Amino acid sequence: MGILTTFIKDDQLIYSVLIVCYEGVILIEIYRQIYF
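Numbering-wise (our numbering), the sequence shown opens with residue 1 and increments by one.
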C-alpha cells in the first residue's frame with residue numbers, strides 16, 4: 001500500500017477507485033444470485 005499511497009496523492013482518485021471496486025463486487029453478487 002505504501003507504493004500506491006505515494007504514487008496516488010489525489011484523494012478523489014482513491015475514492016473513485018474504491019467506488020469502482022465496490023460496484024464490481026455488487027455486480028458479481030448480482031451475477032451469482034441470477035446464475036447460481
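The beta carbon of each residue, even a glycine, is placed where N, CA and C say it ideally should be. Predicted model, so just to flag it, every value in this text is computed and none were measured.
Distance, residue j Cα to residue i Cα
| i | j | result |
| --- | --- | --- |
| Glu73 | Val20 | Outside the shown range of the chain (1 to 36) lies residue 73, about which nothing can therefore be said. |
| Ile34 | Tyr22 | 19 Å |
| Leu18 | Tyr31 | 20 Å |
| Ser16 | Leu27 | 16 Å |
Assigned exposure category for residue i - 16 Cβ within 10 Å defines buried
| i | result |
| --- | --- |
| Met1 | With a pLDDT of only 48 at Met1, under 50, the local geometry of the prediction cannot be trusted, and no value is derived from it. |
For residue i, the three-state DSSP class (helix, strand or coil)
| i | result |
| --- | --- |
| Asp10 | coil |
Test: residue i CB closer than 8 Å to a CB of chain C
| i | result |
| --- | --- |
| Leu18 | Within the model displayed, chain C is absent; a lone protein chain is all it includes. |
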